[in-house]
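Trainee:
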Amino acid sequence: MTIRAYAPASIGNVGLGFDILGAALKPIDGSLFGDEVELSEAREFRLNVKGKFADKLPSDANENIVTQCYRGFCQYIEKVGKSVGQVEMTLTKSLPIGSGLGSSASSIVATLNGLNKLFGEPLNKHELLLLMGELEGKISGSVHYDNVAPSYLGGLTLMTGNEETVASNLPVFDDWYWLVCYSGISVSTSAAREILPSDYSMATALTFGRQLAVFTDALHRGDRKQAAAVMNDVIAEAHRKSLLPGFDEAKQFALQNGASAFGISGSGPTVFCVGEDLEHMKNIESWLQEHYVQNEFGFSHICVLDTQGSTIN
Ligand code: HSE
Numbered sequence: 003m004t005i006r007a008y009a010p011a012s013i014g015n016v017g018l019g020f021d022i023l024g025a026a027l028k029p030i031d032g033s034l035f036g037d038e039v040e041l042s043e044a045r046e047f048r049l050n051v052k053g054k055f056a057d058k059l060p061s062d063a064n065e066n067i068v069t070q071c072y073r074g075f076c077q078y079i080e081k082v083g084k085s086v087g088q089v090e091m092t093l094t095k096s097l098p099i100g101s102g103l104g105s106s107a108s109s110i111v112a113t114l115n116g117l118n119k120l121f122g123e124p125l126n127k128h129e130l131l132l133l134m135g136e137l138e139g140k141i142s143g144s145v146h147y148d149n150v151a152p153s154y155l156g157g158l159t160l161m162t163g164n165e166e167t168v169a170s171n172l173p174v175f176d177d178w179y180w181l182v183c184y185s186g187i188s189v190s191t192s193a194a195r196e197i198l199p200s201d202y203s204m205a206t207a208l209t210f211g212r213q214l215a216v217f218t219d220a221l222h223r224g225d226r227k228q229a230a231a232v233m234n235d236v237i238a239e240a241h242r243k244s245l246l247p248g249f250d251e252a253k254q255f256a257l258q259n260g261a262s263a264f265g266i267s268g269s270g271p272t273v274f275c276v277g278e279d280l281e282h283m284k285n286i287e288s289w290l291q292e293h294y295v296q297n298e299f300g301f302s303h304i305c306v307l308d309t310q311g312s313t314i315n
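Following this note's numbering, the numbering of the sequence shown begins with 3 at its first residue and continues without gaps.
Put into structure tokens, the structure is as follows:
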């Protein structure tokens with residue numbers, strides 16, 4: 003039996019919700035925007051890599067996150083007195099590394115979802131999500147679910163901080179477009195976390211809490227205007243934008259040309275904006291392609307939220 007598992011790209015933080023909000027992405031042109039893993043049982047372990055960004059992965063298979071997922075999965079299964087066999091896996095690496103699009107999360111989610119399916123679903127959804135978070139933590143230096151949860155569950159997810167229910171899905175606006183633009187340079191999540199202050203002022207804490215509460219309430223009431231108005235990043239943007247050439251100009255252009263909110267996707271350098279008018283979004287996309295993209299690796303996609311999350315074929 004061969005299993006094909008897919009997991010979409012995602013926006014960590016969604017601007018206002020540092021480590022707490024995440025959104026899964028689906029381009030409106032119908033293209034896949036995430037990593038895929040093909041898995042089958044085999045006599046001995048083997049990992050193949052292909053795809054646009056395969057050459058950016060470690061050449062030693064032992065260092066590949068997909069291999070680490072397999073080992074983490076085996077250890078978890080052994081702890082509950084079961085065992086799994088060897089596998090051959092082929093990772094199609096379509097998401098750039100260090101892009102802020104949840105690239106490692108996409109590989110982790112597709113691999114663990116695929117392994118679980120291949121071996122008869124020994125882990126439930128909740129256990130699988132905890133394992134995904136643990137593996138993401140190995141890469142980024144701290145356990146945060148704001149990419150693995152949306153990539154696995156789909157939609158717009160809120161991290162609860164409670165291990166019994168790691169994430170819940172929030173209501174979404176079907177008519178919002180989510181434009182993402184990757185500049186083509188690489189920013190490591192751990193480096194982008196290290197530049198953040200270890201303490202924030204009382205005023206910042208109050209704004210952060212108020213915005214998140216107002217945003218969640220506005221989603222439930224279907225109040226697009228109020229939701230967009232509080233999508234401001236008071237935790238990371240001011241510190242991280244120094245790593246993102248052209249950030250201020252891009253934000254200014256987007257907000258003056260029809261976007262209702264603009265921010266850094268995850269730890270960057272990808273930026274995102276939301277808006278309801280497709281023509282405006284296309285215009286902003288062309289501008290970002292011309293002015294924010296730094297090299298041949300950059301790209302952009304106009305998306306809606308991927309409410310399916312990771313899929314298995
Ligand atoms: N919440 C994480 C951060 C997401 O901003 O560091 C990384 O993609």
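Just so it is clear, CB atoms sit at the ideal spot from N, CA and C, and this is done for glycine as well. The structure displayed is predicted, hence computed values, not measured ones.
May I ask which residues mark the beginning and end of the beta strand (DSSP E) holding ASN164?
Mentor: That run of the beta strand (DSSP E) goes 158 to 164.
Trainee: Could you check if GLU292 is buried or exposed, using at least 16 other CB atoms within 10 Å of its CB as the buried criterion?
Mentor: GLU292 comes out exposed.
Trainee: Which value, in whole angstroms, describes the spacing of the CA atoms of PHE217 and ARG48?
Mentor: For PHE217 and ARG48, the distance between alpha carbons rounds to 45 Å.
Trainee: Does the beta-carbon distance from GLU38 to THR113 come in below 8 Å?
Mentor: Result no, Cβ atoms of GLU38 and THR113 do not sit closer than 8 Å.
Trainee: Rounded to a whole number of angstroms, what is the C-alpha to C-alpha distance between LEU18 and VAL111?
Mentor: When rounded, the distance between both Cα atoms is 24 Å.
Trainee: Quick check: does the Cβ of GLY17 come within less than 7 Å of any heavy atom belonging to ligand 1?
Mentor: No, Cβ of GLY17 sits at least 7 Å from all heavy atoms of ligand 1.
Trainee: May I have all residues whose beta carbon comes closer than 7 Å to any heavy atom of ligand 1, sorted in chain order?
Mentor: The set, ordered by position in the chain, is GLY14, ASN15, PHE20, ASP21, GLY102, GLY104, SER142, HIS146, ASP148, ASN149, THR191, ALA194, ARG195, ALA238, GLY268 and SER269.
Trainee: Tell me, to the nearest whole angstrom, how far the beta carbon of ILE266 is from that of GLY102; I am working on the premise that it is less than 8 Å.
Mentor: Yes, ILE266 and GLY102 are in contact; Cβ-Cβ is about 7 Å, under 8 Å.
Trainee: With C-beta atoms as the reference, is LEU131 less than 8 Å away from CYS71?
Mentor: Result no, Cβ atoms of LEU131 and CYS71 do not sit closer than 8 Å.
Trainee: Going by other Cβ atoms of all chains shown within 10 Å of its Cβ, with 16 needed for buried, is GLN213 buried or exposed?
Mentor: Buried, because 16 or more other Cβ atoms sit within 10 Å of the Cβ of GLN213.
Trainee: CB GLY116 to CB ILE30, shorter than 8 Å?
Mentor: Contact flag unset, no.
Trainee: State whether the region 181 to 189 contacts the region 269 to 280, with contact taken as three or more CB pairs (one from each stretch) at a distance under 8 Å.
Mentor: Touching, yes.
Trainee: Quick check: what's the CA-CA separation for PRO152 versus LYS127?
Mentor: If I take the Cα positions, the gap works out to 13 Å.
Trainee: Does the structure place the region 190 to 207 close enough to the region 169 to 180 that three or more beta carbon pairs sit under 8 Å?
Mentor: Touching, no.
Trainee: Quick one: grab the DSSP three-state call for GLY1.
Mentor: The question about residue 1 has no answer, for the chain in this structure spans 3 to 315.
Trainee: Look up CYS305 in the DSSP assignment and give the residues it is bridged to.
Mentor: CYS305 is bridged to PRO29 and TRP180.
Trainee: Counting only runs of 4+ residues fully inside the region 41 to 115, write out the alpha helix (DSSP H) ranges in chain order.
Mentor: You should have 67 to 81.
Trainee: Return the first residue and the last residue of the beta strand (DSSP E) that VAL168 is part of.
Mentor: Its beta strand (DSSP E) spans residues 167 to 172.
Trainee: PRO318 and GLY36: beta carbons closer than 8 Å?
Mentor: In the structure as shown, the chain starts at 3 and stops at 315, and residue 318 therefore has no counterpart that could be examined.
Trainee: So, helix, strand or coil for SER142, using DSSP?
Mentor: Helix, per DSSP.
Trainee: Quick check on ASN118: buried or exposed, where buried means 16 or more other Cβ atoms within 10 Å of its Cβ?
Mentor: Burial call: buried.
Trainee: With distances taken Cα to Cα, identify the nearest neighbour of ASP57 among LEU34, ALA193 and ILE99.
Mentor: That would be ILE99, whose Cα lies nearest to the Cα of ASP57.
Trainee: For ASP177 and HIS222, I'd like the C-alpha separation in whole angstroms.
Mentor: Rounded to the nearest angstrom, the two C-alpha atoms are 15 Å apart.
Trainee: According to DSSP, is ALA252 helix, strand or coil?
Mentor: If DSSP states are grouped into helix, strand and coil, ALA252 belongs with the helices.
Trainee: Which same chain residues, not among the five before or five after PHE249, have their C-beta less than 6 Å away from its C-beta?
Mentor: Counting only Cβ-Cβ distances below 6 Å, and skipping sequence neighbours, we find LYS243.
Trainee: Excluding the five sequence neighbours on either side, which residues of its own chain have a C-beta within less than 6 Å of the C-beta of SER42, listed in chain order?
Mentor: So the qualifying residues of the chain are THR4 and GLU90.
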